[in-house]
Amino acid sequence: MSTSTRWHRRLGGILLIPVLFLLGLATAPAAAASPLTRSASAVPDDPPLPEYPGLTASGLGTTAVSTTSIPCADNGADHVMTRAEALTRARSWLSVGGVPYSQERCYKNQYGDYRTDCSGFISMAWGLGGSGSAFWTGNLSTRSFPIPRGDLKPGDALLRYTGDPSENHVALFVKWSDAAHTEPVVIEQSGSRDTVERTWSASNAALYTPVRYDHIVDAAPQPESALSSQPVVHNPMGDTLEVYSVGANGHVYESWWRDGAWSSWHDLGGTGFTASPAAIHNSIGGTLEVYATGADGHVYEKWWRSGAGWSAWADLGGTNLTGTPAVVHNPVGDTLELYATGTDGHVYEKWWRSGSGWSAWADLGGTNLTGTPAVVYNPIGNTVEVYATSSNGHVHEKWWRSGAGWSAWADLGGTNLTGSPAAVHNPIGDTLELYATGTDGHVYEKWWRDGSGWSSWHDLGGTNLTGSPRAVYNPIGNTVEVYATGGTGHVHEKWWRDGVGWSSWSDLGGTGFTGTPSVVHNPIGKTVEVYTLGTNGHLNETWWRAGTGWSAWTDLGGTDFTG
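For the sequence shown, the positions run -32 to -1, 1 to 531 when mature numbering (1 follows the signal peptide of the UniProt record, and there is no 0) is used.
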């Protein structure tokens, strides 16, 4: 598919119509090839490209900074970038007085080595990986997506790609200069002004398509260490999504997705496993870890490492543990923390550290706690937080901090809450968010902020929602997403965005779905993925992508899956 065809589809069929301008200030290059195909032998004083529509001439730049010939160096992997960071990076070229424009030179500073034209400048501001001369206006769409003009935020871009070298250009959006939001302030690398921050006219801005970098977020994204386990995990080593389920035969099964296609199901073995497994990527050991509870009340572990494959199942012991275990990475002690509820209503903990191996199980106490505990690392307080529902319908909390150890259990209240709670760190409001389902079929929310403590419980509504909710932070839309299964067998979704508040519940459909859905952000496909079991024992998937919305449900198959 050609770039222009791909953009035609991504813009919902709205073609970007070239608008021709007579530019008498310079002559355009004859070819519109990618900058990578241009000669690397050109001298530094090559003439600049024509001035872009709306740019007032002011002579050639004379900034004295050191540059080198293309190709530019490799800048590693694409960065997740906050909006503030994108602007800081962009202004690093302004702070040296502007970097001389060239399609055949590279400029290196603390943020990497990038080509000194408009698209190289945007690549630097966004922190794009790979060679700093790999991107141009014709392929920036592989790292971004179109957005409505009214959604423009600092760090987004205004892109014009018509195929005409005298018109192709991209600039970083800073803010609106007028109340009508027609005249943007941009930072750009221009053909005759070098690096400049200025205000565009409304007529010039109208020629450009607003786009958003795939990995830009309003605030610092939730680190991997803040993510708790569930039966689906992103594997950054193989750039795959991995899903796990327990069969009626007590075995764990795995299927993985890469480049748009699912593998067949693989039997990972096991003996007498019950309930859903828990999976997590262990960045310390470079492994995928899978945990499941056996009928003997022990927790078992199996891990995968690139080049080594799957280990055998290891019995981690335990006494009368039930349900799905929970696991989280604690960056303070560089440990993996494993939690499970016992039939005595206590929560138990076991941790692993590289070089030390597994600790013994520790009884964290509790009174009549039920279901799977929810565990999350809180980067604000540098604590590990554990939540569990008790038989009195309240949620209880216990936290650990280095040097302080474990707190006592705290009763967070609630009315007739059931099942397992869900917890997530919201980097936008710097809050911990706690969710639980009530016997009235509603989901309830409670949040904590440093200096404010815990809010009261808020009724988020819902109709006949059952089981436990699942909550996730979505860095694409900068939203907190909550999912729950209804009594009709459909999955329902509700989201929160700063400045907007809570949406209404959306019915995502489905047929005969049961239990708690699993939700994960897929950075490869730039999607949010939802998985749930059907009464036919199959795993089902739906996904959301910005600009596309929700897909139809896909049956991923399986045989008699129970958890």
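Glycine included, each C-beta is placed from N, C-alpha and C at the ideal position.
Just so it is clear, the structure is predicted and the values come from calculations on it, not from any experiment.
Would you check if the distance between the CB atom of Thr500 and the CB atom of Gly517 is smaller than 8 angstroms? Judged by beta-carbon spacing, Gly517 lies beyond the 8 angstroms limit of Thr500, meaning their Cβ atoms are not closer than that value.
Per-residue DSSP class, three states only, for Ser279: Looking at Ser279 - three-state DSSP - the assignment turns out to be coil, as it is neither helix nor strand.
Taking only the alpha-carbon atoms, compute the straight-line gap between residue 533 and Thr292 and give it to the nearest angstrom. Here the chain has residues from -32 to 531 only, and residue 533 is not among them.
C-beta contact flag for Val352 and Trp367 at 8 angstroms: Yes.
Assuming Val295 and Ser197 are in contact, meaning their beta carbons sit under 8 angstroms apart, how far apart are those beta carbons, in whole angstroms? Ser197 and Val295 do touch by the CB rule: their CB atoms are close to 4 angstroms apart, below 8 angstroms.
Rounded to whole angstroms, what is the Cα-Cα separation between Gly253 and Ser322? A direct Cα-to-Cα measurement between Gly253 and Ser322 gives close to 7 angstroms.
Out of Gln78, Thr431, Glu156, which one is the CA nearest neighbour of Gly88? The option with the nearest alpha carbon to Gly88 is Glu156.
List the endpoints of the continuous alpha helix (DSSP H) containing Trp94. Note, Trp94: alpha helix (DSSP H), 86 to 94.
If contacts are defined as beta-carbon pairs under 8 angstroms, then Pro245 and Val214 qualify, I think. What distance do you get, rounded to the angstrom? 6 angstroms between Cβ atoms; contact.
In angstroms with no decimal places, state the Cα-to-Cα distance between Thr50 and Lys318. Between Thr50 and Lys318, the C-alpha separation is close to 35 angstroms.
Taking all protein chains shown into account, decide if Lys143 is buried (16 or more other Cβ within 10 angstroms of its Cβ) or exposed. Lys143 comes out exposed.
Just to check, is the beta-carbon of Ser359 closer than 7 angstroms to a non-hydrogen atom of the ligand GTP? Here there are no bound small molecules, and the ligand GTP is not part of this structure.
Nearest by alpha-carbon distance to Ser34: which of Lys76, Ala52, Val164 is it? Nearest in C-alpha terms to Ser34, of all of Lys76, Ala52, Val164, is Lys76.
Out of curiosity, what's the CA-to-CA distance linking Val300 and Ser158? Rounded to whole angstroms, Val300 to Ser158 spans 45 angstroms at the Cα level.
Assign Trp271 to one of three DSSP states: helix, strand, or coil. Assignment of Trp271 by DSSP, reduced to helix, strand and coil, places it in the strand class.
Delimiting residues of the alpha helix (DSSP H) encompassing Trp463: Premise fails: Trp463 lies in the beta strand (DSSP E), 459 to 465, not in any alpha helix (DSSP H).
Say whether the stretch 36 to 48 touches the stretch 92 to 99, bearing in mind that this needs 3 or more beta-carbon pairs closer than 8 angstroms, one atom from each stretch. Touching, yes.
How would you label Ala404, buried or exposed, when you count the other beta carbons within 10 angstroms and need 16 or more for buried? Buried: at least 16 other Cβ atoms inside 10 Å.
Tell me which residue opens and which closes the alpha helix (DSSP H) that Glu305 is part of. In this chain, Glu305 is not harboured by any alpha helix (DSSP H); it is covered by the beta strand (DSSP E) spanning 303 to 310.
If I follow the unbroken beta strand (DSSP E) through Glu156, where does it start and stop? Looking at the DSSP string, the run of the beta strand (DSSP E) that includes Glu156 is 152 to 158.
If we count Cβ pairs, one from each stretch, closer than 8 angstroms, do we get three or more for the stretch 130 to 138 versus the stretch 60 to 78? With a cut-off of 8 angstroms, the stretch 60 to 78 and the stretch 130 to 138 do not count as touching, because too few Cβ pairs lie within range.
Can Ala391 and Pro437 be called in contact, C-beta distance under 8 angstroms? Ala391 places its beta carbon 8 angstroms or farther from that of Pro437.
Residues near Tyr176 by beta carbon distance below 7 angstroms, same chain, minus five either side: So the list reads Leu126, Leu127, Arg128, once near-sequence residues are dropped.
Smallest Cα separation from Arg59: which of Leu120, Ala139, Arg111? Considering only alpha carbons, the answer is Ala139.
To the nearest angstrom, report how far apart Phe113 and Pro178 are at their CA atoms. Taking the straight line joining both Cα atoms gives about 8 angstroms.
Per DSSP, what kind of secondary structure is Ser145 in: helix, strand or coil? In this structure, Ser145 counts as coil in the three-state DSSP scheme.
Nearest CA to the CA of Ser37: which residue from Ser486, Gly100, Gly373, Ile348? Ranking Ser486, Gly100, Gly373, Ile348 by Cα distance to Ser37 puts Gly100 first.
Taking only the alpha-carbon atoms, compute the straight-line gap between Glu135 and Thr167 and give it to the nearest angstrom. When the Cα atoms are used, Glu135 and Thr167 turn out to be separated by approximately 18 angstroms.
Secondary structure of Glu222, DSSP reduced to three states: Annotated three-state conformation of Glu222 is strand, per DSSP.
How far does the beta strand (DSSP E) with Thr292 in it extend, from its first residue to its last? Residues 289 to 298.
Touch test, the stretch 203 to 213 against the stretch 223 to 230, Cβ-Cβ under 8 angstroms, three pairs minimum: Segments in contact, yes.
Could you give the distance in angstroms between the alpha-carbon of Tyr441 and the alpha-carbon of Gly397? Taking the straight line joining both Cα atoms gives about 11 angstroms.
Any beta carbon of chain D sitting closer than 8 angstroms to that of Glu401? Protein chains in the displayed structure number just one, and chain D is not present.
Below 7 angstroms CB to CB, which residues in the same chain sit around Gly430 once its five sequence neighbours on both sides are set aside? Correct list, in chain order: Gly409, His410, Val411, Ala452, His460, Trp473.
My parser needs the beta strand (DSSP E) runs of 3 or more residues fully inside the stretch 26 to 61; what are they? Taking only runs of at least 3 residues, the beta strand (DSSP E) segments lying wholly in the stretch 26 to 61 are 35 to 37.
Note down, in chain order, each residue of its chain lying with its Cβ closer than 8 angstroms to the Cβ of Trp511, except the 5 sequence neighbours on either side. Excluding residues within five positions, the ones whose Cβ falls inside 8 angstroms are Asn490, Gly493, Thr495, Val496, Glu497, Val498, Trp518, Ser519.
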